[in-house]
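Below is one structure; the comments refer to it alone.
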Amino acid sequence: MTTVVDVDLSQYPYINKGLEGIVAFTTNKSFIDGVAGELIYGGYNINTLAENSTFEEVCFLLWEDRLPTTEELNTLKKALQENRELPENVINFIKSVNKKAEPMSVLRTAVSMLADEDENRDFKSHDVNYERSVKLTAKIPTIIAAFHRVREGHDIVAPLKTGSTSFNFLYMLNGVEPGEKAEKVFDLCLILHAEHGMNASTFTARAVCSTEADIYSAVTGAIGSLKGPLHGGANTAVMNMLLELQKQPNPDPVEFVKGKLARKEKIMGFGHRVYKTFDPRAHHLQKLAKALAEETGHVELYEWSMAILNTMKSEKNIDPNVDFFSATVYYSMGIMPDLYTAIFALSRISGWAGHFMEQMENNRLIRPKALFMLEKNKKWTAIENR
Ligand code: SDX
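In this text, residue positions in the sequence shown follow the working numbering: the first is 21, and each later residue adds one.
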């Protein structure tokens, strides 16, 4: 049995579990005021961007720290349209992988395979990494949609050389061109999920970047981090929770949540390391969830969500985060729950890429310390005497 020596932790007041509250970088990408519930991308409030922008414009903002001119935006849109197709080896992988594999696991592998096609060994220059950011942002939607089509027994739908990221993803996923409203709703979801400071997956991307590794390695790591239910995996968990409630003979969301809390279970889609109030993104997603639930006959999902929200507020004084209402929005759009985290990645690639380029341009190897808790320089014991 390993004995932990009794380290007096008070000697080390500086241990911040989970790096809580530690400022490790300067950044132009985003600002979050967790008390006021404010989120700013590159200087623009998320509410301003939600009202006026598009996902492609937000990509440019996150990569260049300013809004694009018309010409620059058209150049970016064209580059995305021209880079949506997948290399043969990735398509063959998607066609052969276990159809029961998790979409985030398939995405992680496929993104990693994209590196094999890139023979440029310059991992540091902004222009080369900008091009790779475009490629990754263009191809991730195709990977997700292609895997979904294959696992459902359908042919892969090739991307169009026209249209927005949102339009193409819904087209490739469903095999039919989306209406203007569906495209606009989805595009707003992508704007809301694009960037969020030093969350676990973005920190992962920066840590990989800090060794001067390539962006494919950084994004592969970030996808792995986002997959967890305490982070991006929460939106799928929220939907599974609502579907569990739906299966009950007489669904009672208040008792359902109270029971989970009594069992010390976390309610997915609630709480946040930074926000100690309503996540500003959740306001927009709540409005979308209400409208879409009513429109598609899933009113009970929204009503249950509000009952859960009110119970969490009254019982734990905890507010919803970005993942809570996004689940109902995607479900009302007919998207399968296990795709929601991959859709989160489809948007957050823009933030990860922005942080990767920012880190590479002002890099210092990320290497914190840990406090050793065991006895040091122990005497050796031969195995027969242990
Ligand atoms: C995202 O960081 C980002 O920016 C992430 C993100 C982004 O855009 O990148 O915003 C996206 O990941 C949003 C979060 C998605 N995760 C979930 O919805 C999972 C459920 N949430 C919790 O696991 C939790 O709120 C965290 C992990 C998100 C944050 O947790 P913290 O900061 O570590 O807080 P904590 O776990 O220490 O909780 C403090 C107290 C605890 O109570 P006590 O043990 O002190 O009595 O609040 C309770 C917790 O039990 N609590 C919850 C809860 N969240 C916190 N109780 C029930 N359900 C919850 N969801």
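Every residue gets a Cβ at the ideal spot worked out from N, C-alpha and C, and that includes glycine. None of the values given here were measured: they were computed from a predicted structure.
G252: CB within 8 Å of a non-hydrogen atom of ligand 3: In the structure shown, ligand 3 is absent; the only ligands present are ligand 1.
With a floor of 3 residues, list each beta strand (DSSP E) that falls wholly inside the region 103–165, ordered by position along the chain. none
Rounded to whole angstroms, what's the CA-CA distance from S73 to A257? Just pull it up for me. 29 Å
How would you call K49, buried or exposed, if buried means at least 16 neighbouring beta carbons within 10 angstroms? buried
In the DSSP assignment, find the alpha helix (DSSP H) that holds L263 and state where it starts and stops. A254 to Q266 is the span of the alpha helix (DSSP H), which, as asked, contains L263.
Would you call the region 62–71 and the region 119–134 touching, i.e. three or more CB-CB distances under 8 Å? The region 62–71 is not in contact with the region 119–134.
Run the proximity test for T222: is its beta-carbon closer than 8 Å to any non-hydrogen atom belonging to ligand 1? In this structure, the C-beta of T222 approaches ligand 1 to less than 8 Å from one of its heavy atoms.
Just checking I407 against ligand 1 - is the residue's beta carbon closer than 8 Å to any of the ligand's heavy atoms? Residue 407 is absent from the model: the chain starts at 21 and stops at 406.
Suppose you measure from the CA of K204 to the CA of E323; what does that come to, to the nearest Å? 24 Å
Member of L212, S116 and T231 whose CA lies at the smallest distance from the CA of F376: If we check each option's Cα against that of F376, T231 comes out closest.
Which stretch, first to last residue, makes up the beta strand (DSSP E) that contains F7? Outside the displayed span of the chain (21 to 406) sits residue 7, for which this structure offers no information.
Identity of the residue in P107, K201 and G217 nearest A178 by Cα: P107
Which term fits M380, buried or exposed, when burial requires 16 or more other beta carbons within 10 angstroms of its beta carbon? buried
Among the residues of its own chain, which have a CB less than 6 Å from the CB of S237, if the five just before and after it don't count? V228
Whole-angstrom distance between N112 and F206, CA atom to CA atom: 28 Å
Throw me the rounded Cβ distance for the L263 and P271 pair, which I believe falls under 8 Å. At roughly 11 Å, the Cβ-Cβ gap does not stay under 8 Å, so L263 and P271 are not in contact.
Within a Cβ cutoff of 7 Å, which residues of the same chain sit near V239, ignoring the five residues on either side of it in sequence? Excluding sequence neighbours, V239 sits near V131, L156, A225, I369 and W372.
Considering only heavy atoms of ligand 1, does any lie closer than 8 Å to the CB of F206? F206: no, Cβ never under 8 Å from ligand 1.
Express the C-alpha separation of N405 and N219 in angstroms, rounding to a whole number. 47 Å
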